[in-house]
Amino acid sequence: LSDEYSNAGQAAQAVDFFLRAQKEWDFPAATPTPDDRAEGAATGDAGAGGGADTATNLGGGLGAAVSEPELRLLLGRAYSAWPGHQQDALATYNAFLRDLPDDYRGYAAKGALLAQGEDFAGADRAFLQGRYHARTPLERATVDQARAQATLKQLEGTQRTLRDPAAPSTPP
Numbered sequence: 033l034s035d036e037y038s039n040a041g042q043a044a045q046a047v048d049f050f051l052r053a054q055k056e057w058d059f060p061a062a063t064p065t066p067d068d069r070a071e072g073a074a075t076g077d078a079g080a081g082g083g084a085d086t087a088t089n090l091g092g093g094l095g096a097a098v099s100e101p102e103l104r105l106l107l108g109r110a111y112s113a114w115p116g117h118q119q120d121a122l123a124t125y126n127a128f129l130r131d132l133p134d135d136y137r138g139y140a141a142k143g144a145l146l147a148q149g150e151d152f153a154g155a156d157r158a159f160l161q162g163r164y165h166a167r168t169p170l171e172r173a174t175v176d177q178a179r180a181q182a183t184l185k186q187l188e189g190t191q192r193t194l195r196d197p198a199a200p201s202t203p204p
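Convert by adding 32 to the 1-based position in the sequence shown; the result is the number in this note's numbering.
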């Protein structure tokens with residue numbers, strides 16, 4: 033659903049949908065508190081939230097059950113697709129990781145977001161933490177795939193810079 037909204041240029045609607053779902057099913061908010069935002073500004077991170085792992089139906093004809101952690105990851109993904117809201121996505125992922133520090137998915141999502149913002153060192157740290165917390169070969173492969181995509185993006189940027197040093201590191 034997040035991808036559907038995003039592909040249609042409606043990331044704000046996806047964020048609104050996931051925030052309403054949190055309230056409707058009484059999930060704790062996955063948005064940062066003022067204290068968390070201040071801490072994030074000081075450290076380059078942000079975060080907050082809470083969370084039980086209860087499953088619920090998203091409704092709207094989707095028919096898919098989603099747990100509170102999955103809803104928070106979807107919210108982060110929707111924020112990351114919304115131009116100008118990468119800090120909200122980072123705050124959502126940091127909240128997820130603070131509440132569920134052993135869940136590899138938060139580290140993989142944070143790493144992908146950091147790579148999208150060209151913080152490749154931060155992305156690599158997140159991917160390494162995700163791999164450490166991944167318990168099964170499939171989970172490790174998921175983290176490895178996200179890390180490989182980030183590395184490819186970094187190499188493509190380097191290649192563009194080598195071809196035309198005056199060009200910006202990100203494509204238009």
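Note that the Cβ used here is the ideal one computed from N, Cα and C, for glycine as well. Only a predicted model underlies this, so the values are computations on that prediction, with no experimental measurement involved.
| query | result |
| --- | --- |
| Whole-angstrom distance between ALA182 and GLU102, CA atom to CA atom | 22 Å |
| Length of the line joining the Cα atoms of ARG195 and ALA147 | 21 Å |
| Contacts around ALA158, its chain only, beta-carbon distance under 7 Å, and the 5 residues preceding and following it disregarded | TYR139, LYS142, GLY143 and LEU146 |
| Residue environment, ALA110, which counts as buried when at least 16 other CB atoms sit within 10 Å | buried |
| Reduced DSSP category for THR65 - H, G, I as helix; E, B as strand; rest coil | Any reading at THR65 needs caution, since the residue's pLDDT is 48, under 50, leaving its predicted position unreliable; the model's value is listed next. THR65 falls in the coil class under three-state DSSP. |
| Close Cβ partners of HIS117 (< 6 Å) along its chain, the five nearest in sequence each way excluded | TYR111 |
| ALA198 versus ASP156: straight-line alpha-carbon distance, rounded | 27 Å |
| Proximity below 8 Å, CB of THR124 to CB of GLY149 | no |
| Spatially closest choice to ASP131 from ASP151, GLU100 and TYR164, by CA coordinates | GLU100 |
| Sequence ranges, alpha helix (DSSP H) only - wholly within the region 112-187, length at least 4 | 118-131, 136-148 and 152-165 |
| Straight-line Cα distance separating ARG179 from ALA164 | Residue 164 is actually Tyr in this sequence, not Ala. Spanning the two alpha carbons is a distance of roughly 13 Å. |
| Straight-line Cα distance separating GLU171 from ASP135 | 10 Å |
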